[in-house]
Amino acid sequence: MNKIIPGAILLFAIFFSSNSCFGEATIFDHKIELKNMVFEWKLEKEMITIRISAKTTGWVGIGFNPTVEMKDANFIIGYVKEGKVKVTDHFGITNRQHQNDTKIGGKKNITNITGSEKNKVTEIGFTLPLNSGDPKDQVLYPDKETVVLLAHGSGRDSFRAKHQFRTSLKVNLKTGKYTKLK
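Per my numbering: the sequence shown = residues 1 to 182.
Written out as structure tokens, the structure is:
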């Protein structure tokens, strides 16, 4: 009897605190809600923990600091298919194309990958170093403005599917203040 009660309490806590892929254990410091997407993040020492979600059953993605359009941006793109999360690290090779980092001399620097797809909303979460040392990743400076690209696909679980929604923001990662660019 004494073992059943703590186990029941633990199951109750897990069940009621897991309303997202990170659960309530991760409390994000900042949140930007747009028409079709949500971007949340928390800075921790030399890392940034991110959660993005969108009203789609396809992929969701985020990019950082392109030089022109998509060129030179660090992209993290993910989807959930049959309960399994697939997330990839890409680099903007031209104004309108990106490619997997590992195929062009970069490294996959994503950790703590999570994801869920519920009620036609796809959500992924992950942690990135602010400065990975990877030439295919942009250094993120919390005190400076960061150009953030947000996008999602239309419902197809494929990294080759085009975006249905996209936007560009200029964000101060430390304060959470932002302006919409596109």
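We treat Cβ as the ideally placed atom computed from N, Cα and C, and that holds for glycine.
Based on Cα-Cα distance, which residue from the options lies nearest to residue i?
| i | options | result |
| --- | --- | --- |
| Phe126 | Gly78, Asn172, Ser154, Arg96 | Gly78 |
| Gly63 | Arg51, Phe28, Val85, Ser154 | Arg51 |
| Val171 | Pro129, Asn36, Lys136, Glu40 | Glu40 |
| Lys86 | Glu117, Lys103, Ile32, Phe28 | Glu117 |
| Leu173 | Ser154, Arg166, Glu145, Val38 | Glu145 |
| Lys35 | Ser53, Asp101, Pro142 | Ser53 |
| Lys42 | Lys81, Leu130, Lys103, Thr167 | Leu130 |
| Thr167 | Thr26, Ile27, Ile32, Phe28 | Ile32 |
Classify residue i as buried or exposed, calling it buried when 16 or more other Cβ atoms lie within 10 Å of its own Cβ.
| i | result |
| --- | --- |
| Asp72 | buried |
| Thr49 | buried |
| Thr114 | buried |
| Gly83 | exposed |
Report, in whole angstroms, the separation of the C-beta atoms of residue i and residue j, which I expect to be a contact under 8 Å.
| i | j | result |
| --- | --- | --- |
| Val121 | Lys55 | 6 Å |
| Val60 | Ile124 | 6 Å |
| Leu128 | Met37 | Their Cβ separation, rounded to whole angstroms, is 18 Å, which puts Leu128 and Met37 out of contact at 8 Å. |
Looking only at its chain, what residues have a beta carbon closer than 6 Å to the beta carbon of residue i, apart from the 5 residues adjacent to it on each side?
| i | result |
| --- | --- |
| Ala13 | Caution applies to Ala13, whose pLDDT of 35 falls short of 50 and renders its modelled position unreliable; the model cannot decide the point. |
| Arg156 | Gly58 |
Can you tell me where the beta strand (DSSP E) holding residue i begins and where it ends?
| i | result |
| --- | --- |
| Thr56 | Element bounds for Thr56: n/a, residue is neither H nor E. |
| Asp89 | 84-92 |
| Lys183 | Outside the shown range of the chain, which is 1 to 182, sits residue 183, and nothing can be said about it. |
| Phe126 | 121-129 |
| Val147 | 145-153 |
| Gln164 | 163-172 |
| Gln99 | 98-100 |
Beta-carbon within less than 8 Å of residue i's beta-carbon, same chain only, minus the 5 sequence neighbours each way: which residues are those?
| i | result |
| --- | --- |
| Met261 | One cannot answer for residue 261 here, as it falls past the ends of the chain, which runs 1 to 182. |
| Gly105 | Pro135, Lys136 |
| Tyr178 | Ile32, Val148, Leu169, Lys170, Val171, Asn172 |
| Asn112 | Thr49, Gly125, Phe126, Thr127 |
Against chain C, with Cβ distances strictly below 9 Å, would residue i count as a contact?
| i | result |
| --- | --- |
| Lys182 | Absent here is chain C; the protein component of the structure consists of one chain. |
Less than 7 Å between C-beta atoms, sequence neighbours within five positions excluded: which residues of the same chain meet that for residue i?
| i | result |
| --- | --- |
| His90 | Phe75, Ile77, His98, Gln99, Asn100, Asp101 |
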